[in-house]
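Presented below is the structure to which this report refers.
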Amino acid sequence: MTERPDGPQPAAGLAGGAGFGATPVGRQAAFRAGFVWVALGVAVVGGFGLAAHLSFVIGFGYRLGPAFPALVQAHGHAQLVGWAGMFVVGVSLHFIPRLASVPLTHPHWIDAILWVMAFGLTLRVAGQPALGYGAGLVPLDWLRWFVVASGALEGVGVLLYLLLVLGSVRGTGDIRTQPAFGAVRPFFGMMVVGWLLYASANFVGL
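Take any residue in the sequence shown, count from 1 to its spot, add 22: that is its number in the working numbering.
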């Protein structure tokens, strides 16, 4: 507290966020539970659902057919990007700014990242298996464009996410002044590299 002519006032570091090491809690973005729900939905339908279907086909000796590689890829993509990736994005957007004691620079991007990634994952999980099973019912070019669109949407979502989180923690200063963020910085760097490699491989695969 600091004394002023009009009475005691809160310290600047706690009220305005200008003090050393203080996090302006009121400016931090709220956690978006939508990332968790999307991760669970993609995991149940695209991950576990496709895995159960593949296990049934293989276990009962049915002909695998041309759809098998597409189903395996869609299953792996759903588990890696949908189940694990959406959890990582949602949790990191909540905790990284707080560990670094800085608010997100563009918190309104969070919903855009969520919906773009969710729509892209839906197109991928639905479109890629349909290349094998629904090619006779739906024009093949349409199904191919579903997969291409999914990759483009996911790429946009990853780009927005990286721009948001890196732009927010950039210039956090000496690592000694941010011990909480410093403890996770190596893992944060590996996560950023991993998303960059995935986005690059996904773009090349289009």
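The C-beta atom is built at its ideal place from N, Cα and C for all residues, glycine as well.
Check residue i in the structure and name its three-state DSSP category.
| i | result |
| --- | --- |
| Leu218 | helix |
| Ser172 | helix |
| Gly83 | coil |
| Thr127 | coil |
| Phe70 | helix |
| Arg146 | helix |
| Arg192 | coil |
| Phe53 | coil |
| Gln95 | helix |
Quick one: residues in its chain with C-beta nearer than 8 Å to the C-beta of residue i, no 5 flanking neighbours on either side, listed in chain order?
| i | result |
| --- | --- |
| Val58 | Met108, Phe109, Gly112 |
| Ala148 | Phe168 |
| Leu186 | Leu115, Leu126, Thr127, His128, Trp131, Ile132, Ile135 |
Please return the same chain residues whose Cβ sits closer than 7 Å to the Cβ of residue i, not counting the five positions on each side in sequence.
| i | result |
| --- | --- |
| Arg146 | Ala96, His99, Val169, Ser172 |
| Asn224 | Gly173, Glu176, Gly177 |
| Pro67 | Note that residue 67 is Val in the sequence shown, not Pro. Excluding positions up to five away in sequence, the list reads Val147. |
| Tyr84 | none |
Quick check on the burial criterion: 16 or more other C-beta atoms within 10 angstroms. Buried or exposed for residue i?
| i | result |
| --- | --- |
| Trp105 | buried |
| Leu188 | exposed |
| Pro201 | exposed |
| Ile118 | buried |
| Pro151 | buried |
| Phe209 | exposed |
| Val226 | exposed |
| Gly87 | exposed |
Less than 8 Å between the CB atoms is what I'm expecting for residue i and residue j, so what's the real figure, rounded?
| i | j | result |
| --- | --- | --- |
| Leu143 | Leu153 | With 8 Å as the limit, Leu143 and Leu153 do not qualify as a contact, their Cβ atoms being about 16 Å apart. |
| Leu182 | Ala221 | Their Cβ separation, rounded to whole angstroms, is 11 Å, which puts Leu182 and Ala221 out of contact at 8 Å. |
| Gly177 | Met139 | Not quite, the Cβ-Cβ distance comes to about 10 Å (not below 8 Å), so this is no contact. |
| Phe203 | Leu121 | 4 Å |
| Gln101 | Ala61 | That pair is no contact at about 10 Å. |
Would a check of beta-carbon distances place residue i closer than 7 Å to chain C?
| i | result |
| --- | --- |
| Ala148 | Structure shown: chain C not included; a single protein chain is present. |
Leaving out five residues before and five after residue i in sequence, what residues of the same chain have Cβ atoms less than 6 Å from its Cβ?
| i | result |
| --- | --- |
| Leu218 | none |
Next item on the list: Pair every Cβ in the region 68-81 with every Cβ in the region 90-103, then say whether three or more of these pairs are closer than 8 Å.
Entry: In short, these stretches touch, since the Cβ pair count reaches three.
Next item on the list: Kindly confirm or deny that the region 51-58 and the region 80-93 touch, where touching means at least three C-beta pairs closer than 8 Å.
Entry: Judged by Cβ distances under 8 Å, the region 51-58 makes no contact with the region 80-93, as fewer than three pairs qualify.
Notebook entry, point to check: Does the pairing of the region 206-216 with the region 110-130 give three or more beta-carbon distances under 8 Å?
Noted result: Using a C-beta cut-off of 8 Å, the region 206-216 makes contact with the region 110-130, since at least three inter-stretch Cβ pairs fall below that distance.
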